[in-house]
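Q:
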Amino acid sequence: MRRYLIILLTFFCSINLFAQQDNYSFLKLVVFNDKGNVMLVKWDGEWEIPGIRYNQPVTLSKFIDTLASEHGIKVQNKKLNGLFTFEYENRPTLTIMHYYTAKYAEGQLTIPESCEDIGWFTIENALAKIPYQEMKLIISKITSNPNILWGAAIKKRADNTIQFTENFYDLK
0 MRRYLIILLT
10 FFCSINLFAQ
20 QDNYSFLKLV
30 VFNDKGNVML
40 VKWDGEWEIP
50 GIRYNQPVTL
60 SKFIDTLASE
70 HGIKVQNKKL
80 NGLFTFEYEN
90 RPTLTIMHYY
100 TAKYAEGQLT
110 IPESCEDIGW
120 FTIENALAKI
130 PYQEMKLIIS
140 KITSNPNILW
150 GAAIKKRADN
160 TIQFTENFYD
170 LK
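Sequential numbering from 0 applies to the sequence shown in numbering that gives the first Met the number 0.
1) Does the region 68-80 come within contact of the region 139-151, defined as at least 3 CB pairs closer than 8 Å?
2) Residue range of the alpha helix (DSSP H) that Q132 falls in?
3) What separation, rounded to the nearest whole angstrom, lies between the Cα atoms of A151 and I137?
4) Between L28 and P49, is the Cβ-Cβ spacing less than 9 Å?
5) How would you label K155, buried or exposed, when you count the other beta carbons within 10 angstroms and need 16 or more for buried?
6) On a Cα-Cα basis, can you pick out the residue from D43, P111, M96, I122 that is closest to L66?
7) Buried or exposed, going by whether 16 or more other CB atoms sit within 10 Å of the CB of L26?
8) Out of M38, F85, T94, Y53, which one is the CA nearest neighbour of F163?
9) Based on Cα-Cα distance, which residue from I63, T92, N32 lies nearest to Y98?
10) In whole angstroms, give me the CA-to-CA distance for T121 and K102.
11) Determine the direct distance from the alpha carbon of Y23 to that of Y53, and round the result to whole angstroms.
12) Is DSSP giving E123 helix, strand or coil here?
13) Could you check where the alpha helix (DSSP H) with D169 kicks off and where it finishes?
14) Is it buried or exposed, A127, if we count other Cβ atoms within 10 angstroms and call 16 or more buried?
15) Rounded to the nearest angstrom, what separates K171 and T94 at their Cα positions?
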């Protein structure tokens with residue numbers, strides 16, 4: 000009986016271990032208004048592109064609409080501009096970052112519950128405010144070459160330094 004319990008316990012622990020090691024997707028939404036300004040949110044004291052883990056049973060289009068509505072707006076012309084593989088030094092799994100661009104359609108910016116502030120910024124001001132080097136590089140790439148679907152692989156260390164394990168490339 001004891002042997003059976005040990006085998007059963009080992010089996011369930013193995014299943015749990017594998018379940019915890021699944022890669023996951025994270026979506027970033029780069030929204031531009033009519034003036035060409037980009038929307039940023041202030042989260043945990045830092046300005047950045049709004050984003051959220053994609054773990055809901057809905058289509059990507061619906062997910063993007065929901066993310067936009069959480070910021071008080073509706074968007075149009077949604078476009079995938081980048082898929083980036085992130086390896087974090089302190090995590091056993093990879094994260095796939097989806098960077099979408101969209102055009103502001105209507106609505107009033109609303110600060111989401113988890114954020115401290117929200118606003119429109121020129122690209123230059125946005126890049127100056129964003130503290131994450133990898134996000135700055137990605138935003139620069141997708142705004143300077145919007146007709147390319149970008150890919151790259153980035154390793155982010157515990158000290159927040161980054162290393163490109165695969166430089167930017169065209170996924171098309």
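Ideal Cβ placement from N, Cα and C applies to all residues, glycine included.
A: In short, the structure shows the following:
1) yes
2) On the sequence shown, residue 132 is found 133 positions in, with the first residue counted as 1. Taken as a continuous stretch (DSSP letters only), the alpha helix (DSSP H) holding Q132 covers 132-143.
3) Taking the sequence shown and counting its residues from 1, one reaches residue 151 at position 152. Taking the sequence shown and counting its residues from 1, one reaches residue 137 at position 138. About 9 Å.
4) In the sequence shown, the residue the question calls residue 28 occupies position 29. In the sequence shown, the residue the question calls residue 49 occupies position 50. Yes, the Cβ-Cβ distance between L28 and P49 is below 9 Å.
5) As a working mapping, residue 155 is identified with position 156 in the sequence shown. Under this definition K155 is a buried residue.
6) As a position in the sequence shown, residue 66 is number 67, starting the count at 1. The shortest C-alpha separation from L66 is found at P111.
7) Taking the first residue of the sequence shown as 1, we reach residue 26 at position 27. Buried is the call here.
8) Taking the sequence shown and counting its residues from 1, the one referred to as residue 163 is at position 164. Comparing Cα positions, the closest option is F85.
9) For the purposes of this step, residue 98 is taken as residue 99 along the sequence shown, with counting starting at 1. That would be I63, whose Cα lies nearest to the Cα of Y98.
10) The sequence position of residue 121 within the sequence shown is 122, counting from 1. The sequence position of residue 102 within the sequence shown is 103, counting from 1. Going by the C-alpha atoms only, they are around 14 Å apart.
11) Numbered from its first residue, the sequence shown carries residue 53 at position 54. Numbered from its first residue, the sequence shown carries residue 23 at position 24. Roughly 8 Å between the two C-alpha positions.
12) The residue you call residue 123 lines up with position 124 of the sequence shown. DSSP places E123 in helix when its eight states are reduced to three.
13) Taking the first residue of the sequence shown as position 1, residue 169 is located at position 170. Unbroken run through D169 is the beta strand (DSSP E), 161-169; no alpha helix (DSSP H).
14) Here residue 127 refers to the residue found at position 128 of the sequence shown. Exposed, since its Cβ has fewer than 16 Cβ neighbours within 10 Å.
15) The residue you call residue 171 lines up with position 172 of the sequence shown. The residue you call residue 94 lines up with position 95 of the sequence shown. Roughly 21 Å separates the two Cα atoms.
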